[in-house]
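*Asks:* For the sequence shown, our numbering begins at 133 and goes up steadily by one.
Even for Gly, the Cβ is constructed at its ideal location relative to N, Cα and C.
These numbers come from a predicted model, not from an experiment.
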Amino acid sequence: MVKTEVSGRDRPSIPPGSRQQAKASARVPPAGAARTAEPGPADLRPLQLFFLAAAVFVVSAGYGSLLPLLPAWIAQQSPGSSPAEVSRHVGFLSGAYTGGVLVGAPIWGVISDRLGRPRILIVGLIGYVTSLLLLLLPSMGGLWAIYGLRTAAGLFVAAVVPIVPALVAAHTPTAVRARRFAWLGAASLLGFLFGPGLIVLANAIASLIVEGPGLVALSTRIVIVLAALMGAGMMLGLAWTLPPRVDAPEAETLEPGSRDRASLVGLWLLSVAVNFVLSGFELGIVLQGGQHAHSTTQEIALMFAECSLVMLGVNAILFFTSLLDKVSSRLVIAVGSLIGMSGLALLGFHQSKEWMFIGISLASAGTGLVLPVISFLAAGASRRSLGATMGSLAAAAGLGQTLGSFAGGWLFGALAQLGFGWLALPLVATLILMLFRPSSWAATGPVPKASSA
133 MVKTEVSGRD RPSIPPGSRQ QAKASARVPP AGAARTAEPG PADLRPLQLF FLAAAVFVVS
193 AGYGSLLPLL PAWIAQQSPG SSPAEVSRHV GFLSGAYTGG VLVGAPIWGV ISDRLGRPRI
253 LIVGLIGYVT SLLLLLLPSM GGLWAIYGLR TAAGLFVAAV VPIVPALVAA HTPTAVRARR
313 FAWLGAASLL GFLFGPGLIV LANAIASLIV EGPGLVALST RIVIVLAALM GAGMMLGLAW
373 TLPPRVDAPE AETLEPGSRD RASLVGLWLL SVAVNFVLSG FELGIVLQGG QHAHSTTQEI
433 ALMFAECSLV MLGVNAILFF TSLLDKVSSR LVIAVGSLIG MSGLALLGFH QSKEWMFIGI
493 SLASAGTGLV LPVISFLAAG ASRRSLGATM GSLAAAAGLG QTLGSFAGGW LFGALAQLGF
553 GWLALPLVAT LILMLFRPSS WAATGPVPKA SSA
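1) What residue from Gly398, Val289, Val348 has the CA that sits closest to Gln208's CA?
2) Give the range of the alpha helix (DSSP H) segment to which Val342 is assigned.
3) Taking only three categories from DSSP, how would you classify Thr521?
4) Exposed or buried, what is Asp175 when buried is set at 16 or more other beta-carbons lying within 10 Å of its beta-carbon?
5) Ser339: buried (16+ other C-beta within 10 angstroms of its C-beta) or exposed?
6) Quick one: what does DSSP say Arg167 is sitting in, helix, strand or coil?
7) Please report how far the alpha carbon of Gly445 lies from the alpha carbon of Gly475, in whole angstroms.
8) CA-CA distance, Pro504 and Arg282?
9) Kindly confirm or deny that the region 401-418 and the region 549-556 touch, where touching means at least three C-beta pairs closer than 8 Å.
10) Phe452 by DSSP, collapsed to three states: which one?
11) List the endpoints of the continuous alpha helix (DSSP H) containing Leu563.
12) So, under 8 Å CB-CB, Ser219 and Phe544 are touching, yes? Tell me the CB distance rounded to an integer number of Å.
13) Looking at the unbroken alpha helix (DSSP H) that takes in Leu476, where does it start and where does it end?
14) Any chance the region 178-194 sits against the region 288-302, with 3 or more Cβ pairs inside 8 Å?
15) Do you know offhand how far Ala237's Cα is from Val404's?
16) Closest to Met443 by CA distance: which of Gly472, Leu396, Leu455, Thr306 is it?
17) Take Ala437 as the anchor and find which of Gly323, Leu275, Phe452, Leu402 has the nearest alpha-carbon.
18) With DSSP collapsed to three states, give me the class of Gly223.
19) Please look up how many angstroms separate the CB atoms of Met366 and Leu257, rounded, as I've assumed it's under 8 Å.
20) According to DSSP, is Ser214 part of a helix, a strand, or is it coil?
21) At the level of alpha carbons, what is the spacing between Gly232 and Phe288?
22) Using three-state DSSP, classify Arg177 as helix, strand or coil.
23) Can you give the Cα-Cα distance for Ala284 and Leu402, rounded to whole angstroms?
24) Quick check: the Cα distance between Ala546 and Leu450, rounded to an integer number of angstroms?
25) Identify, in the order they occur along the chain, each residue of the same chain with its Cβ nearer than 7 Å to the Cβ of Val355, setting aside the five sequence neighbours on each side.
26) Suppose contacts are defined by Cβ-Cβ distances below 7 Å. Is Val560 in contact with Leu501 by that definition?
27) Quick check on this structure: which residue in Gly317, Pro250, Gly227 has the alpha carbon closest to the alpha carbon of Phe452?
28) Would you call Trp372 buried or exposed, if buried means 16 or more other Cβ atoms sit within 10 Å of its Cβ?
29) Does the Cβ of Ser537 have 16 or more other Cβ atoms within 10 Å, making it buried, or fewer, making it exposed?
30) Return the chain-ordered list of same chain residues with a C-beta closer than 6 Å to the C-beta of Ser351, the five sequence neighbours on each side being excluded.
31) In angstroms, rounded to a whole number, what distance separates the CA positions of Leu565 and Gly530?
32) Just verifying my parser: in three-state terms, what is the DSSP assignment at Ala495?
33) By Cβ distance below 8 Å, which residues in the same chain neighbour Ile506 in space, the five residues on each side in sequence not counted?
34) Distance check for Tyr229 and Trp240, CA to CA, integer angstroms please.
35) Would you say Leu455 and Ala360 are within 7 Å of each other, going by their C-beta atoms?
Following this line, the structure appears as C-alpha cells:
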C-alpha cells in the first residue's frame, strides 16, 4: 500500500475534542473498502534468527542421523526377525515419530498463540533432548520403550517445527519474508544432510573404543548423545536471545469461509500428499539401498546426502530468484509433481545403483519444488493465528509422514522396490485435483510483492 505524506502546512487541523473520535474512525475502514495490510511487525535480530534456524537444523539432523541406524538397531533388539519384519518395524517407528508431530503440532500451535511462542519453543527443545537421553537408559532399551520414546520425541519436535516459521513470519517484513523462509528451508535440509555426518563421526569415535559386534550399538548411542548435545545448545541459545514472549501486532480475524481460510484447505491436502511421498521415499532409500550387492551404510548415507543437496538447490532456485513472482505457484506445484512421479517410476524399475541415484535426484527435485511453496504461501495468514496455522500445516505434514512411513514399511516389505512406484499415487491424485478443481488451489498463484512508498 502506497503511503502519502501530508506536510504540516497542508494538514487540516483537528479540534482537541475530536481527536479521539478521529482516531477511532481511522481504525474502522469504510464498508466495501479493500482490506489493508496488517501493522508492520517488530523485526527479529540476526542472532535470534540464527538460533531459530539452528533449532530447525538440530531437530532435522537428529531425525536424519537416527533413520539410517534403525534397521541394524531393530535387528539387535529383535533377534531372529526376518528382513520383512525389520522393514515393518522401521516404518512403524518412523510413523510413531511423525504421529507425535501430527498430534502435537496443532495443540502446540494454539497454545503458543496464547502463551507466547518463545516459551513453547523452549519447552519443545527440552522435551526433545530428554526423549533422546532416555534412549540411553538400559531400562529403555526394549523395542516397545523405543516406540514410546520416538513418539514422545515427535510430540516435542511438534513444538519446534511450526513455532519457528510462525515466529519468523510474524516478525519479518513482507519484502524479506521469502529470503528468510529460504534460510529456514535450507536449515532443515542441511540438518537432514548433516545427520548422516553424525553417523560417520560416531563410527570413528566408536571404532577407537570397541571392535566387533558391539560397534553398531556403541555408535548408535554416540549419535544419540551428539544429537542431544546439539539440541541442548540450541535450547540455551534461544533461552538467552529470545524474550519469554514476543508479541505480534493485533491482526485482523479471518471469518470462517473466507478465501484465506478456504485456500488453506488446499495447502493442507497438498502437504499430506507430498509428505506421504517424501516419508515413504526416504524409508525406501534405507530399506532398498541395502538390497544391492556390495552396498554399504556409507552409500546409503550418500543417497540421503544427495537427496538433501538436490532439495537444497531447488529451494535456493525458488527463493533466491524471482520465480514465484513470475510463474504461478500452481504451475510450480504441477511441474514438481510430474518430476517426482518420474523419479519414483525410475526407482520402481531400476536395475543398478547408478539408476537409483538418478531416480533419487528426480524424486528429491520434485518434492523439493512443492514443499517450500506450501510453507511460504501459508506464511501470509493472519499473524494473530500464525501458530495455529503453522501447527495445522505441520499436523498435515505429520499425517502424511505417518501414513507414508506405515505404507512404506508394508510396501517395501511386500513388494520390494516396486513400492516406489505405488508411492506416486498421491502425486497423481494431486494433479487430477488441480486439473478438475482449479478453484481449490486459488491461493497458489504468484505471491504479490509488497508495495513501497
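*Replies:* Reading from the atomic positions:
1) Val348
2) From DSSP, Val342 is part of no alpha helix (DSSP H); its letter is neither H nor E.
3) helix
4) exposed
5) exposed
6) A caution first: Arg167 carries a pLDDT of 42, below 50, which makes its placement in the model unreliable, though a value can still be read off. Here Arg167 sits in coil by DSSP.
7) 17 Å
8) 26 Å
9) yes
10) coil
11) 557-568
12) 5 Å
13) 461-481
14) yes
15) 14 Å
16) Gly472
17) Gly323
18) helix
19) 6 Å
20) coil
21) 8 Å
22) coil
23) 26 Å
24) 37 Å
25) Ser197, Leu198, Leu201, Leu330, Ile331, Ala334
26) no
27) Gly317
28) exposed
29) buried
30) Ala334, Asn335, Ala338
31) 21 Å
32) helix
33) Leu399, Leu402, Ser403, Val406, Leu525
34) 16 Å
35) no
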